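Asker: So for the sequence shown, my numbering puts the first residue at 3; every next one is plus one. Backbone N, C-alpha and C define an ideal beta-carbon position, used for all residues, glycine too. Bear in mind that the values here come from a model prediction, so they are computed numbers and not experimental data.
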Amino acid sequence: MEELIESFENQLIYLYDEKLQLEKGLGTSDPKEIVGQFKQLEQELVRLYGIKERYKKVPSKEITISDIKNVFIDKNRIREK
Numbered sequence: 003m004e005e006l007i008e009s010f011e012n013q014l015i016y017l018y019d020e021k022l023q024l025e026k027g028l029g030t031s032d033p034k035e036i037v038g039q040f041k042q043l044e045q046e047l048v049r050l051y052g053i054k055e056r057y058k059k060v061p062s063k064e065i066t067i068s069d070i071k072n073v074f075i076d077k078n079r080i081r082e083k
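1. Which two residues bound the contiguous alpha helix (DSSP H) that contains Ile80?
2. Should Arg56 and Asn72 be called a contact, given that it needs their Cβ atoms to be closer than 9 Å?
3. Excluding the 5 residues preceding and the 5 following Ser31 in the sequence, name in chain order all residues of the same chain whose CB lies nearer than 6 Å to its CB.
4. Hey, how far is the Cα of Leu28 from the Cα of Arg81?
5. Determine the direct distance from the alpha carbon of Pro33 to that of Glu44, and round the result to whole angstroms.
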């Protein structure tokens, strides 16, 4: 019986440590909040990739801009050579 109690205590200590790590790293240990934060980050990433797809990286020598190595221009505005 003592082994069972010790096992439960160890599990409880481990779970509490995980909870503290989540609170320290994410500001919460609530699973619903963590999933919500993850989904928000996923939506933001999809939005940013959408923006990236609309632009094309071109060497700055094609455009006169001082002190910038590369610029991003909407692909619809570029005439391919």
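Answerer: According to the structure shown:
1. Position 78 of the sequence shown, counting from 1, holds the residue named residue 80. Element bounds for Ile80: n/a, residue is neither H nor E.
2. Here the question's residue 56 lines up with position 54 in the sequence shown. Here the question's residue 72 lines up with position 70 in the sequence shown. Contact: no.
3. Along the sequence shown, read from residue 1 onward, the residue named residue 31 stands at position 29. Same-chain partners within the cutoff: Lys21, Leu24, Glu25.
4. Numbered from 1 along the sequence shown, position 26 holds the residue referred to as residue 28. Numbered from 1 along the sequence shown, position 79 holds the residue referred to as residue 81. Answer to the nearest angstrom: the Cα atoms are 46 Å apart.
5. Walking along the sequence shown from the start, residue 44 turns up at place 42. Walking along the sequence shown from the start, residue 33 turns up at place 31. Using only the alpha carbons, I get a separation of about 16 Å.
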